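Take a look at the structure below.
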Amino acid sequence: MPDLFMLVLPLIIIEFILKIIAFIDLYRRESTSLPKWLWALIILFINTIGPILYLVLGKQRRQIT
Amino acid sequence: MKLVMIIKKECLETFRSHRWLWLPVFFLLLGLMQPLTSYFLSDILEQFGGLPEGAVIEIPAPSAGEVYGATLGQFTQLGTIVLVLAFMGSISEERRSGEVKMLLLRPVSYASYWFGKFIVSSTVMTVSFLLGIGIALFYIQLLFEPILMSELLGSLAMYWLWMLFIIAVTTTFSTLIKRQTVVAVCSLIFVFGLQMFASLFTSLASWTPGALPNLAVAMTTEEIVLPIASTILSIALIAWMSILYMKKTDWLY
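Top line first, the protein sequences correspond to chains A and B. With the numbering used here as the guide, the letters of the first sequence map in order to residues 1346 to 1410. With the numbering used here as the guide, the letters of the second sequence map in order to residues 63 to 315.
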């Protein structure tokens, strides 16, 4: 039977990368659709779905006329 | 080559919106979780199930094929939702913001615009799907037993075609409707409806695209010609329809 930790390790690494990239994007972005601190909490505390939600919905919509 | 130009521009757009990142990651996680939870199900229940002291449960270990089917089941539920959410805005958002006017001022035909979008979306989907199913298969052969490649290929191809169909439906609704949320709701209802129809009326709907995911889970090679043909035909049909719609209406405004 393989070691449990080794099995779950990829999961943790992927999760970590996702969080880091979401945070870098949040830091660089000037304005987001929700307050920044709220997004930071969402990214930090909601696993997997949180960072993805930010990457999908965090961007402020732009308008070209 | 106008098509190549659109594809390049759209690739850049998918990089900027991080779709190249989170879509593969999401499928990776889906493909990773299912074999793990299947394998550790009895331990998980014992730890977190809130069972009374001394309760004994015997869960027979699932076969590798069953775990593979369960993984595809996850892809069908969460995967569909995520695919639709990722590509709901591919055309409608550009149309809403007016970006499409600037793009189509240049001599780009509607057809190459539509197909450029469709091809890039399908590429992202294909990479994500292959990564997800790849890691699932790796874990299945690690924790259970390997699945024969010969049985697998047909099933994978059918499932891929079904996901291609989802992309085509989403892109079509994205062409027809300006509001992203409406696009998402329409596509999800359409796709899940087709699938529900196919699983409710098995014999009646065995030729519709909705039968494909069930066939892929069952890993059969019988009676697959009709659903495959009907899916390819419907993709071609809705592509043609949406391009026609763009041409015949005041689409840019």
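Don't be surprised by glycine CBs; every beta carbon is placed ideally from N, CA and C. Just so you know, these numbers come straight off a predicted model, no measurement behind them.
Hey, would you say residue i sits closer than 8 Å to residue j, going by beta carbons?
{"i": "S1378 of chain A", "j": "G1403 of chain A", "result": "yes"}
{"i": "A273 of chain B", "j": "P289 of chain B", "result": "yes"}
{"i": "L85 of chain B", "j": "S190 of chain B", "result": "yes"}
{"i": "S100 of chain B", "j": "P124 of chain B", "result": "yes"}
{"i": "V170 of chain B", "j": "I305 of chain B", "result": "no"}
{"i": "A126 of chain B", "j": "E213 of chain B", "result": "no"}
{"i": "A230 of chain B", "j": "F180 of chain B", "result": "yes"}
{"i": "W313 of chain B", "j": "A278 of chain B", "result": "no"}
{"i": "G135 of chain B", "j": "Q242 of chain B", "result": "no"}
{"i": "V144 of chain B", "j": "C73 of chain B", "result": "no"}
{"i": "L1352 of chain A", "j": "L98 of chain B", "result": "yes"}
{"i": "V253 of chain B", "j": "T142 of chain B", "result": "yes"}
{"i": "I202 of chain B", "j": "I195 of chain B", "result": "no"}
{"i": "I1388 of chain A", "j": "L91 of chain B", "result": "no"}
{"i": "G216 of chain B", "j": "T283 of chain B", "result": "yes"}
{"i": "V87 of chain B", "j": "L1363 of chain A", "result": "yes"}
{"i": "W1384 of chain A", "j": "Y1399 of chain A", "result": "yes"}
{"i": "T232 of chain B", "j": "F149 of chain B", "result": "yes"}
Could you check where the alpha helix (DSSP H) with residue i kicks off and where it finishes?
{"i": "Q365 of chain B", "result": "With chain B represented from 63 up to 315, any question about residue 365 of chain B goes unanswered, as that position is not in the structure."}
{"i": "L288 of chain B", "result": "287-310"}
{"i": "S174 of chain B", "result": "172-205"}
{"i": "G112 of chain B", "result": "From DSSP, G112 of chain B is part of no alpha helix (DSSP H); its letter is neither H nor E."}
{"i": "P275 of chain B", "result": "273-280"}
{"i": "W224 of chain B", "result": "211-238"}
{"i": "W269 of chain B", "result": "Note, W269 of chain B: premise wrong, no alpha helix (DSSP H); not H, not E."}
{"i": "M95 of chain B", "result": "81-101"}
{"i": "T76 of chain B", "result": "64-78"}
{"i": "I119 of chain B", "result": "Where I119 of chain B is concerned, there is no enclosing alpha helix (DSSP H), given that its DSSP letter is neither H nor E."}
{"i": "S152 of chain B", "result": "Element bounds for S152 of chain B: n/a, residue is neither H nor E."}
{"i": "G255 of chain B", "result": "242-262"}
{"i": "L165 of chain B", "result": "161-167"}
Kindly identify the DSSP beta-bridge partner or partners of residue i.
{"i": "K1404 of chain A", "result": "A:T1377"}
Between residue i and residue j, which are expected to be in contact by the criterion C-beta below 8 Å, what is the C-beta distance as a whole number of angstroms?
{"i": "P271 of chain B", "j": "S292 of chain B", "result": "6 Å"}
{"i": "K309 of chain B", "j": "Y172 of chain B", "result": "6 Å"}
{"i": "L94 of chain B", "j": "L1356 of chain A", "result": "6 Å"}
{"i": "K240 of chain B", "j": "R158 of chain B", "result": "5 Å"}
{"i": "V146 of chain B", "j": "A246 of chain B", "result": "5 Å"}
{"i": "F89 of chain B", "j": "L204 of chain B", "result": "Contact flag wrong, Cβ pair sits at about 18 Å."}
{"i": "F40 of chain B", "j": "I297 of chain B", "result": "The requested residue 40 of chain B is not part of the displayed model; chain B covers only 63 to 315."}
- Evaluate the contact criterion for the stretch 229-238 of chain B versus the stretch 122-133 of chain B: three or more CB pairs, one atom per stretch, below 8 Å. Proximity of the stretch 229-238 of chain B to the stretch 122-133 of chain B falls short of the contact definition, fewer than three beta-carbon pairs being nearer than 8 Å.
- Query: Is it true that the stretch 66-84 of chain B meets the stretch 179-189 of chain B, where meeting means three or more beta-carbon pairs spaced less than 8 Å apart?
  - Reply: Of all C-beta pairs linking the stretch 66-84 of chain B to the stretch 179-189 of chain B, three or more are shorter than 8 Å, placing the two stretches in contact.
- Item | Touching by the beta-carbon criterion (3+ pairs, under 8 Å), the stretch 159-168 of chain B and the stretch 242-261 of chain B | Below 8 Å, too few C-beta pairs join the stretch 159-168 of chain B and the stretch 242-261 of chain B to call them touching: fewer than three.
- Query: So, do the stretch 1358-1374 of chain A and the stretch 1389-1403 of chain A have three or more beta carbon pairs nearer to each other than 8 Å?
  - Reply: They touch, by the three-pair rule.
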